[in-house]
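Visitor:
Numbering (my numbering), first residue to last: 29 to 231.
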């Protein structure tokens, strides 16, 4: 009798599962919300005035166990400033073919320049497209920001930025020419009006 009951007991588990409510998620039509601290795609953050938080220290690259991060630092100048400090990340790349999304790079960052978003759809058709560049990782501009490079907030230094004393770009802040990226200053094509023909002056 036991030889007959054993197979029936096994099928009992199968029949019991047949009548349970299915938990299949209809992805991608229905996307399950992620947890607040989900480890998704990385993001390079900005200060409230638009300057970049990355100082090009390369600690994130050293901390990465998969060797997925490549960083080249460079010096800021008064004519071309990307961060409040002495240096900035001129080249920043993350290879998502290698990245294991462990978050060790975020823990190593001393300026909170690197964080992880909730974006997890990273699949693509080519290997090259999975190597994200600085332009792809850099956070977008919000209200009160001016795109880098631009001058530091007048009267402030790097420590003031990390104390949270800078909350927006200074009035009149304009983006500088990015010479390191091949940009050139626009030529002044305006011509002085003939004497006696200036606006508001009658001949």
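C-beta: ideal position from N, C-alpha, C; glycine also.
1. Taking the straight line between their C-alpha atoms, what separation do you get for residue 227 and residue 200?
2. When you measure from the CB of residue 183 to every non-hydrogen atom of the ligand NAP, does any distance come out below 7 angstroms?
3. With a cut-off of 8 angstroms, do at least 3 Cβ pairs link the stretch 129 to 140 to the stretch 63 to 70?
4. Taking the alpha-carbon of residue 189 as reference, which of 111, 122, 42, 156 has the nearest alpha-carbon?
5. Which value, in whole angstroms, describes the spacing of the CA atoms of residue 84 and residue 142?
6. CB-CB under 8 angstroms to residue 152, same chain, minus the five flanking residues each way: which ones, in chain order?
7. Reducing DSSP to helix, strand and coil, say where residue 42 ends up.
8. Is DSSP giving residue 204 helix, strand or coil here?
9. Within the continuous alpha helix (DSSP H) that includes residue 79, where are the two ends?
10. Using 10 angstroms around the beta-carbon of residue 64, count the other beta-carbons present and answer buried if the total reaches 16, otherwise exposed.
11. Below 8 angstroms on the Cβ atoms is my guess for residue 137 versus residue 97; work out the distance and round it to an integer in Å.
Guide: For this structure:
1. As a working note, residue 227 is residue 199 in the chain shown. As a working note, residue 200 is residue 172 in the chain shown. Because the pLDDT at residue 227 is just 45, under 50, the model does not fix this residue reliably, and the point stays unresolved.
2. Among the components modelled here there is no ligand, and therefore nothing to report on the ligand NAP.
3. yes
4. Residue mapping note: residue 189 aligns to position 161 of the chain shown, counting from 1. Checking every option, the nearest Cα to that of residue 189 belongs to 111.
5. The residue you call residue 84 lines up with position 56 of the chain shown. The residue you call residue 142 lines up with position 114 of the chain shown. The straight-line gap from Cα to Cα measures roughly 11 angstroms.
6. Translated into positions along the chain shown, residue 152 becomes position 124. Once the five neighbours on either side are set aside, the close Cβ partners of residue 152 are 158.
7. Here residue 42 corresponds to residue number 14 of the chain shown, with the count starting at 1. It is helical.
8. Within the chain shown, residue 204 is the residue found at index 176, counting from 1. Three-state result, residue 204: coil.
9. Here residue 79 refers to the residue found at position 51 when the chain shown is read from its first residue. Here residue 79 belongs to no alpha helix (DSSP H), and DSSP marks it neither H nor E.
10. Here residue 64 is taken as the residue at index 36 of the chain shown, counted from 1. Result: exposed.
11. Residue 137 sits at position 109 when you count from the first residue of the chain shown. Residue 97 sits at position 69 when you count from the first residue of the chain shown. The Cβ separation is near 11 angstroms, so there is no contact.
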